[in-house]
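A.B. asks: Supplied in C-alpha cells, the structure appears directly below.
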Amino acid sequence: MYLELQSQRSGAALPVDRYGASAQAAASSAAHPDAHVSQPQLAFNPQLTKLTGSMFGASGAGAPDFDAQVRGTDPKAIDLQLMRIAQDVYDPHSQGVDGWTRLTADQLAQAGIDPASLEDPSTGFRAAIYQDKNGDHVLAFAGSNDIKDWLNNAEQGLGVPAAQYHQAVALATEAKAAFGDSLAITGHSLGGGLASIASLATDSAGVTFNAAGLNDETIRRLIPDGDPAALKQQAENGLIRRYAVDGEILTTVQEHSPLPDAVGHKIALHDPDPVAKPDLHWYDWLDGKAEVLEAKYAVDVAKHSVDLHLDDAVLAALQKDHPWQP
2 MYLELQSQRS
12 GAALPVDRYG
22 ASAQAAASSA
32 AHPDAHVSQP
42 QLAFNPQLTK
52 LTGSMFGASG
62 AGAPDFDAQV
72 RGTDPKAIDL
82 QLMRIAQDVY
92 DPHSQGVDGW
102 TRLTADQLAQ
112 AGIDPASLED
122 PSTGFRAAIY
132 QDKNGDHVLA
142 FAGSNDIKDW
152 LNNAEQGLGV
162 PAAQYHQAVA
172 LATEAKAAFG
182 DSLAITGHSL
192 GGGLASIASL
202 ATDSAGVTFN
212 AAGLNDETIR
222 RLIPDGDPAA
232 LKQQAENGLI
242 RRYAVDGEIL
252 TTVQEHSPLP
262 DAVGHKIALH
272 DPDPVAKPDL
282 HWYDWLDGKA
292 EVLEAKYAVD
302 VAKHSVDLHL
312 DDAVLAALQK
322 DHPWQP
C-alpha cells in the first residue's frame, strides 16, 4: 500500500539576459542561488504561444525548446523550481510560485483545455498548469491527501484501473496539443506516478519526486500502442528524471517488494536531517538500557522514513544537496 503524507526600473537601462533578468538581479541571484527574483509576467496568449512554439520553441529564437532543456539524466537547476511547483499544486488557492503563474480558468479555456478537467473531487484528482515569463509551461499533478488518493495508489500498484491515471493522461494529451514542446510535467508521490504515465503517453519531459511506481498493466491500458519495457527504458534514458530521498518509505517499499518501482532515471538525495544513533557504551548493555535505546531508535527511524516522503523533506534535500552543481 502506498503512503502519502506534503526593477522597479531606474532611469538607466540595465543589461538583460535571455531570461529577462537585469545584471543587478543576476548578481543578487548569484549571491543567493535559491532566492527568487520577481519578474514581470507575460500576458497569456495561446495563439502566440503556439506560433512561437512552432517556429523556434517558446523559450526564444535559437534556444532549445523547454522540453529539450528539461530532458536528460543529469540533475538540473530547473529541478528545484519543479519541486516547488510540485509542492504548490497541493494548494488549490495558490496563484503560482517561484516565477511560475497558474493559468486561470479563462486562460485554460483559451488554450483548448477544459478547466474542470484539472480537479475532480469524486476521484481526488487535482492538477494545475503553470506558465513562466518565457512562455514555457509545467503541468503538475498533486499527490495523495485523502483516502481516495490512497485507493488510487493501491489500485494502480496492483494493476487495477485507477481513475486518476486515466484523467492524468487525458489532461496531458490536451496540454501537449496546446503547448507542444514548451511543456514539461512534474509531480510528487502519487502526483509523481501520474506525471510518469502522462510523460510516457505524451513523450513530454518529466521530473518526479518520491514517485509512485507504474504497473505494466497501467502502461498497457493507457498507452495501448506502447511496450512497457521499451517505454520504461525511454524514461530511464532521460525522458523522466526521478528524485528519491534516501530512506523514504514509498521508494523503500517499492524497491523491496513486488510493488512496481517508479520509472525514470533515479537520482538519490541524502537524508537532510538523519536520526542520530544512540551513543551506547558497554555498560549500557549490563543494565538493559541499550535494548531500550535501540528499540526507540528503530521506532524513530520508521517514523522518520514517513517524514522523508513528504514534499518538505524533498525540498530540504534538494536545497542541501544541490545535485546539479559540480
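In this text, residue positions in the sequence shown follow the numbering used here: the first is 2, and each later residue adds one.
We put the beta carbon where it would ideally sit given N, CA and C, even for glycine.
(1) Which whole-angstrom value is the C-beta distance of residue 167 and residue 88, which I expect to be below 8 Å?
(2) Three-state secondary structure (DSSP) at residue 255?
(3) Can you tell me whether residue 12 is buried or exposed, with buried defined as 16 or more other CB within 10 angstroms of its CB?
(4) Is residue 281 buried or exposed, if buried means 16 or more other CB atoms sit within 10 Å of its CB?
(5) Look at the alpha carbon of residue 177 and the alpha carbon of residue 302, and state the distance between them as a whole number of angstroms.
(6) Going by DSSP, which residues form a beta bridge with residue 127?
(7) Of all the options 112, 184, 200 and 85, which has the alpha carbon lying nearest to the alpha carbon of residue 387?
(8) Can you tell which of 73, 80 and 214 has its C-alpha closest to the C-alpha of residue 254?
(9) Where DSSP assigns a beta bridge to residue 209, which residues make up the other side?
(10) How about residue 264 and residue 241: do their beta carbons lie closer than 8 Å?
(11) Have a look at residue 180 and residue 197 and give me their C-alpha separation to the nearest angstrom.
(12) Determine the DSSP secondary structure at residue 233, reduced to helix, strand or coil.
(13) So is residue 66 buried or exposed if we call it buried at 16+ other beta carbons inside 10 Å?
(14) If you draw a straight line from the C-alpha of residue 306 to the C-alpha of residue 216, how long is it?
C.D. replies: Let's see:
(1) The pair is not a contact, with the Cβ atoms about 24 Å apart (cut-off 8 Å).
(2) helix
(3) For residue 12, the pLDDT reaches just 36, beneath the cut-off of 50, and the residue's location in the model is therefore unreliable, although a value from the coordinates is still provided. Residue 12 is exposed by the Cβ-count criterion.
(4) Counting other Cβ atoms within 10 Å of its Cβ, residue 281 stays below 16 and is therefore classed as exposed.
(5) So the two alpha carbons sit approximately 42 Å from each other.
(6) Note: residue 127 sits in a beta bridge opposite 120.
(7) Shown here, the chain extends from 2 to 327; a query on residue 387 therefore has no answer.
(8) Looking at the Cα atoms, 214 is the closest of the given residues.
(9) 188 and 243
(10) yes
(11) 18 Å
(12) helix
(13) buried
(14) 23 Å
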